[in-house]
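Just so you know, the sequence shown maps onto residues 1273 to 1342 in this note's numbering.
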Amino acid sequence: MGLFDEIKDKAEELKDKAVELVQGHSDQVDDAADKAGDFVDEKTGGQFADKVDLAQEKVKQVADDLDQAN
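Pasting the structure below:
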């Protein structure tokens, strides 16, 4: 097995672990996304608010999708 295959396998393991951690906890993920976005907006003076909002919505959507798949 080559180095690339090992990296690919490890990435797959990490993805699976992340999915397990998120499933059933989408409310907590949503809250964390809101807090992180608010922190970034505060520290940057809202300079990137539009991009932060998009990232927050994407995180929330993925968490909700994972919950529904469970």
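Heads up, the beta-carbon is just placed ideally off N, CA and C, and yes, glycines get one too.
Proximity test, Cβ basis, 7 Å: residue i and chain C
i	result
V1331	Annotation note: the requested chain C is absent from the structure, which comprises a single protein chain.
Cα-Cα separation, residue i to residue j
i	j	result
F1276	Q1295	29 Å
V1332	M1273	Rather than Val, the amino acid found at residue 1332 in this sequence is Lys. About 37 Å.
D1303	D1281	31 Å
D1288	D1337	15 Å
L1286	A1308	22 Å
I1279	D1322	34 Å
Option nearest residue i by Cα separation, candidates the options
i	options	result
D1306	D1325, G1317, E1285	D1325
V1334	G1317, T1316, E1292	E1292
L1341	Q1328, S1298, A1327, G1309	It is worth fixing the name first, because residue 1341 is Ala in this sequence and not Leu. A1341 has its Cα closest to that of S1298, out of Q1328, S1298, A1327, G1309.
Alpha helix (DSSP H) runs wholly inside the region 1293-1333, at least 4 long, in chain order: For the region 1293-1333, whole alpha helix (DSSP H) runs of length 4 or above, ordered along the chain, are 1298-1316.
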